[in-house]
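Engineer:
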Amino acid sequence: MKKKNKILESQEFMILIFIIVVSIVFAVISDNFSSPSNIQLIFSQVAINGICTIGVSMVVFLGGIDLSSGSILSLCAACSGMIVNTGMPLVVTILCSVLIGMSCGLLNGFLVARLRIPPIIATLASMNIIRGLAIIVTGGDWITGFPESFNGIGQGRVFGLPIPFLIFLAVTALAAILFRYVNIGRKIYAVGGNIAAAELAGLDVVRVKLFAYILCGATIGLAGTIYASMVGTISASTTGSSLGFQILAAALIGGLSINGGKGTVLGSFLGVVLLGVIKNGLILSKVSEYWIDAVTGAVILIALTINAVQIIRRQRRVTIS
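Here my numbering runs 101 ahead of the position in the sequence shown, where the first position is 1.
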């Protein structure tokens, strides 16, 4: 009974209910919302943000933040396009993009873990550095003309599901396994929960932080290749310009805490899906695009309020017991 109550009171369960309720509302408002083609469209739309959110969640679990995710995506997507246009195999293209993402993650990790610069300042600086590097690499030109075989990754389907969404599911599953069964995943949670206690326990905090930021960069690097394949054309100056806000919104809605040590990968997954459903539903309902950010902000506020209420309830129960 206690386990059942715990599930029903969890942030993830409440988000799932919210997704169902919102979906029903939009299905009533718009006949096209529940159509198979639109469901597939939602899956495609949430894939890139979802993969990046899972990566950034690893940093948020530490109590950190990454504002440079959009710039990393831009650089990796542009480089993927340039590399594949030289005739390089797809595997090599993906590997290069992941390595570039890891290098960006290493830069962030070095600034935060080694130099002890506050994450928001460090990643704000790297955001501009990496964006500038992306523009320099591309010469400010649009990257396009990708081979048909390359476009198949972002635009293809397997069993009726978009390939990017299937990759999103795979990345989510691997991340969930990492944090539940792998030692380094538990160390990330430990550092985020109480860094002083983690140090006293003998954990190499610097190494754990570096690993989280590098893995975050690798995940965004993978998303960069998929994004280039999906859209077919890349502008280094604009690609991913609002990605950082969207990722942070999804993570917060999913129950993650900026202070670290709280939340789950499943919560991040559901947070991304919820935002995707809301955005798609608003567009089909012909709501002005300027209201989409306002609604997103309202959803974040509601999620944080619910989260705060849950924390207060748990504290009261501990006090009573």
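Note that CB positions come from ideal geometry on N, CA and C, so glycine has one too.
Going by C-alpha distance, which of G171, G253, F260, I201 is nearest N229?
Structural biologist: Counting from 1 along the sequence shown, the entry for residue 229 is found at position 128. Of G171, G253, F260, I201, the residue nearest in Cα terms is G171.
Engineer: For the alpha helix (DSSP H) containing L251, list its first residue and its last residue.
Structural biologist: Here the question's residue 251 lines up with position 150 in the sequence shown. Here residue 251 turns out to be Phe, not Leu, going by the sequence shown. 249-256 is the extent of the alpha helix (DSSP H) around F251.
Engineer: Less than 7 Å between the C-beta atoms of A324 and I244, yes or no?
Structural biologist: Locating residue 324 in the sequence shown gives position 223, where the first residue counts as 1. Locating residue 244 in the sequence shown gives position 143, where the first residue counts as 1. No, these two residues do not count as a Cβ contact at 7 Å.
Engineer: Among T326, P190, I285, whose alpha-carbon lies nearest the alpha-carbon of R308?
Structural biologist: Within the sequence shown, residue 308 is the residue found at index 207, counting from 1. When only C-alpha atoms are compared, the closest one is I285.
Engineer: Across the segment 205-215 and the segment 141-151, are there enough close Cβ pairs to call them in contact, namely three or more that are closer than 8 Å?
Structural biologist: The answer is no - the segment 141-151 does not touch the segment 205-215, with fewer than three Cβ pairs under 8 Å.
Engineer: Quick one: grab the DSSP three-state call for L168.
Structural biologist: The sequence position of residue 168 within the sequence shown is 67, counting from 1. DSSP places L168 in coil when its eight states are reduced to three.
Engineer: I'd like the list of long-range same chain contacts for I335, defined as Cβ closer than 6 Å, with 5 residues on each side in sequence excluded.
Structural biologist: Along the sequence shown, read from residue 1 onward, the residue named residue 335 stands at position 234. Result list for I335: A178, A179, G182, I244, A329, in chain order.
Engineer: With DSSP collapsed to three states, give me the class of I218.
Structural biologist: Locating residue 218 in the sequence shown gives position 117, counting from the first residue. I218: coil per DSSP, three-state reduction.
Engineer: Can the beta-carbon of A128 be found less than 7 Å from the beta-carbon of S138?
Structural biologist: Position 27 of the sequence shown holds residue 128. Position 37 of the sequence shown holds residue 138. It is not a contact, given that the beta carbons lie outside the stated cut-off.
Engineer: Assuming S386 contacts I143 under a Cβ cut-off of 8 Å, what Cβ separation, rounded to an integer in Å, is found between them?
Structural biologist: Counted from its first residue, the sequence shown places residue 386 at position 285. Counted from its first residue, the sequence shown places residue 143 at position 42. Not quite, the Cβ-Cβ distance comes to about 14 Å (not below 8 Å), so this is no contact.
Engineer: The alpha helix (DSSP H) with F346 in it runs from where to where?
Structural biologist: The sequence position of residue 346 within the sequence shown is 245, counting from 1. Here the alpha helix (DSSP H) through F346 covers 344-354.
Engineer: Starting from the C-beta of V433, find all residues in its chain whose C-beta is less than 7 Å away, skip the five residues before and the five after it, and write them out in chain order.
Structural biologist: Because the chain in this structure spans residues 102 to 422, residue 433 falls outside the shown range and cannot be described.
Engineer: For G293 versus F162, is the C-beta distance shorter than 7 Å?
Structural biologist: Within the sequence shown, the letter at position 192 stands for residue 293. Within the sequence shown, the letter at position 61 stands for residue 162. Taking 7 Å as the Cβ cut-off, G293 and F162 qualify as a contacting pair.
Engineer: Between the alpha carbons of L275 and G165, how many angstroms are there, rounded?
Structural biologist: Numbered from 1 along the sequence shown, position 174 holds the residue referred to as residue 275. Numbered from 1 along the sequence shown, position 64 holds the residue referred to as residue 165. Roughly 21 Å between the two C-alpha positions.
Engineer: Pick helix, strand or coil for I244, following the three-state DSSP scheme.
Structural biologist: Looking up residue 244 in the sequence shown gives position 143. Note: I244 maps to strand in three-state DSSP.
Engineer: Which two residues bound the contiguous alpha helix (DSSP H) that contains V199?
Structural biologist: Reading the sequence shown from its first residue, position 98 is the one you call residue 199. Segment 191-210, the alpha helix (DSSP H) holding V199.
Engineer: Cα-Cα, which of C197, L357, I125, I264 is closest to N141?
Structural biologist: On the sequence shown, residue 141 is found 40 positions in, with the first residue counted as 1. For clarity, residue 141 is Gln in the given sequence; the question names Asn instead. It is I264 whose Cα lies nearest to the Cα of Q141.
Engineer: Start and end of the alpha helix (DSSP H) containing N295?
Structural biologist: Translated into positions along the sequence shown, residue 295 becomes position 194. Counting along the chain, N295 falls outside any alpha helix (DSSP H), and DSSP gives it neither H nor E.
Engineer: What is the rounded straight-line gap between the Cα of I120 and the Cα of I254?
Structural biologist: On the sequence shown, position 19 is the one that residue 120 refers to. On the sequence shown, position 153 is the one that residue 254 refers to. Near 28 Å, if we compare the C-alpha coordinates of I254 and I120.
Engineer: DSSP three-state call for I379: helix, strand or coil?
Structural biologist: Mapped onto the sequence shown, residue 379 falls at position 278. Note: I379 maps to helix in three-state DSSP.
Engineer: With the cut-off set at 7 Å, would you say G77 and G356 are in Cβ contact?
Structural biologist: An answer regarding residue 77 cannot be provided, because it is not within the stretch 102 to 422 covered by the chain.
Engineer: Just how far apart, CA to CA, sit R281 and G241?
Structural biologist: Residue numbering aside, residue 281 sits at position 180 when the sequence shown is read from its first letter. Residue numbering aside, residue 241 sits at position 140 when the sequence shown is read from its first letter. So the two alpha carbons sit approximately 43 Å from each other.
Engineer: Can you name, in chain order, every residue of its own chain whose Cβ lies under 7 Å from the Cβ of A235, other than the five neighbours on each side?
Structural biologist: Residue mapping note: residue 235 aligns to position 134 of the sequence shown, counting from 1. Taken in chain order, the residues that qualify are S172, S175, L176, A179, A337.
Engineer: Measuring alpha carbon to alpha carbon, tell me which of I393, F247, G261 ends up nearest M424.
Structural biologist: The displayed coordinates of the chain run from 102 to 422. Any statement about residue 424 would go beyond what the structure contains.
Engineer: In the DSSP assignment, find the alpha helix (DSSP H) that holds L316 and state where it starts and stops.
Structural biologist: To locate residue 316, count along the sequence shown from 1; it is residue 215. Where L316 is concerned, the enclosing alpha helix (DSSP H) stretches over 306-332.
Engineer: Taking the beta carbon of S227 as the centre, do at least 16 other beta carbons fall within 10 Å, making it buried, or is it exposed?
Structural biologist: Counting from 1 along the sequence shown, the entry for residue 227 is found at position 126. Buried.
Engineer: In three-state terms, what does DSSP make of I184?
Structural biologist: In the sequence shown, residue 184 corresponds to position 83, counting from 1. If DSSP states are grouped into helix, strand and coil, I184 belongs with the helices.
Engineer: What does the alpha-carbon distance come out to for the pair Y290 and R215?
Structural biologist: The residue given as residue 290 occupies position 189 in the sequence shown. The residue given as residue 215 occupies position 114 in the sequence shown. About 19 Å.
Engineer: Buried or exposed, going by whether 16 or more other CB atoms sit within 10 Å of the CB of S145?
Structural biologist: Position 44 of the sequence shown, counted from the first residue, corresponds to residue 145. Buried: at least 16 other Cβ atoms inside 10 Å.
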